[in-house]
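In our numbering, the protein residues as written are -8 to 472.
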């Protein structure tokens, strides 16, 4: 991998680089522009999900004369139409969890990390383009493609996240506390801009859920082609294999073996730091990543919101992720990543608990927009804290190894929340309890993070005194974890 110029050289000799917001670091710029594309994908998922729910309900005969879902016991392909989106999530997350060790092995044991990310990116672009033709006769096939795209997206993240420790090695902890939020702000800002565009078109031409989704998928495919071409072909560098494939092992078996060996190594050498982070990650990611999936169904089924109204709610959420990301930087600078992440998940839990008890029917739509503000702050605070925490904990020489287990931990129970949500829905349990159960994952993660010792001890264990990863490992105001 080409070496970046020393930070002093970048800062002194390149005012233009300063203007980029990424300190002239090509990896950081690549992470930023690929994050912008991911923002467009996530935004488009809101509209395609609403379209698929509408078409499934239509085929099952669960729509009233106004095209809104009604109380209905009819099933389609063995499930209620309202279970469609969470079922898609269960399938894609199970596939991603099973195959993730193989993808991690490709990143770790081969020179194809960059190729993996690039191939996955362009497969997603192809699926987005095909989904323009989502209509009543094709919705089930498109739902299957949505499951496939969800798994591929996770494989792309496996390749992408391996760049975080390399970026931290070049820039240091202080810079990462600034850049990690900026990457998230870039993603969420682009996501919000995309949603403004699609909502504006939808309102302007008066399109329903199906046509809105078709427009969204078409525009998104074009945006992804631009962003991901620049990100993967121009900015993100190719990388050599970090490890040699053991003799007699395939990539698949080596992937699982590597996760097991890495877990043993972490438990022996990083029991006060990375071990607790990864255990917390298992539950934190399950709760946060399932929030949008479950919320789309909740807004459509409980609050009777159209695809455009759902889009407006998530637009508010996205706009408010920007102050959330700024809050992340402020809290981390005043405390540390551990304290900041725990405070975030406690806040997320309180907001979600309040939301499920005040949003009960279609008369609560105005309050839904208000709650979107608080959920947006929670999400904007969550992801940069989580990513920055990972980046400063992991030693550069173990970057790809740790990236593999990071993604495995993020996926291993990711199917569980949507599965439980579906089970509750199929058994007639009110969906507000399905959304409420996400709080349990955050509370477990908080408890695990609370097992860490002080921040100075955590950093010392993670990198040792000779590490170059951390610019300022100890801070006068670092608080007890």
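We put the CB at the ideal spot given by N, CA and C, even for glycine.
- For residue 67, the three-state secondary structure derived from DSSP is strand.
- Under DSSP, residue 107 forms no beta bridge with any residue.
- If the five residues before and after residue 18 are omitted, its C-beta is found closer than 8 Å to the C-beta atoms of -5, 154, 157, 158, 161, 226, 227, 228, all from its own chain and listed in chain order.
- When the alpha-carbon of residue 294 is set against those of 67, 73, 272, 130, the nearest one is in 73.
- With 16 or more other Cβ atoms from the protein chains shown falling within 10 Å of its own Cβ, residue 118 counts as buried.
- Nearest C-alpha to residue 352 among 343, 421, 411, 408: 421.
- One alpha carbon belongs to residue 423, the other to residue 350, and they sit about 8 Å apart.
- Nearest neighbour of residue 169 by Cα position, chosen from 434, 333, 323, 436, turns out to be 323.
- Looking at the backbone, the Cα of residue 175 and that of residue 53 are separated by about 38 Å.
- In this structure, DSSP gives residue 73 a helical state, which the three-state scheme calls helix.
- Excluding sequence positions up to five before and after residue 114, its CB lies within less than 7 Å of the CB of 143, all in the same chain and listed in chain order.
- Pairing residue 151 with residue 108 gives a Cβ-Cβ distance under 8 Å.
- Inter-segment contact for the region 430 to 441 and the region 326 to 341 is present: three or more beta-carbon pairs are separated by less than 8 Å.
- Per the Cβ contact rule, the region 310 to 330 is in contact with the region 370 to 388 (3 or more Cβ pairs under 8 Å).
- Note that the region 393 to 402 does not touch the region 413 to 420; fewer than 3 beta-carbon pairs, one per stretch, sit closer than 8 Å.
- DSSP places residue 336 in the uninterrupted alpha helix (DSSP H) bounded by 328 to 349.
- A distance of 8 Å or more separates the beta carbons of residue 39 and residue 101.
- Distance from the CA of residue 364 to the CA of residue 335, rounded to the nearest whole angstrom, comes to 15 Å.
- Take the alpha-carbon of residue 131 and the one of residue 449: they are about 49 Å apart.
- Counting of Cβ neighbours within 10 angstroms places residue 30 among the buried residues, the total reaching 16 or more.
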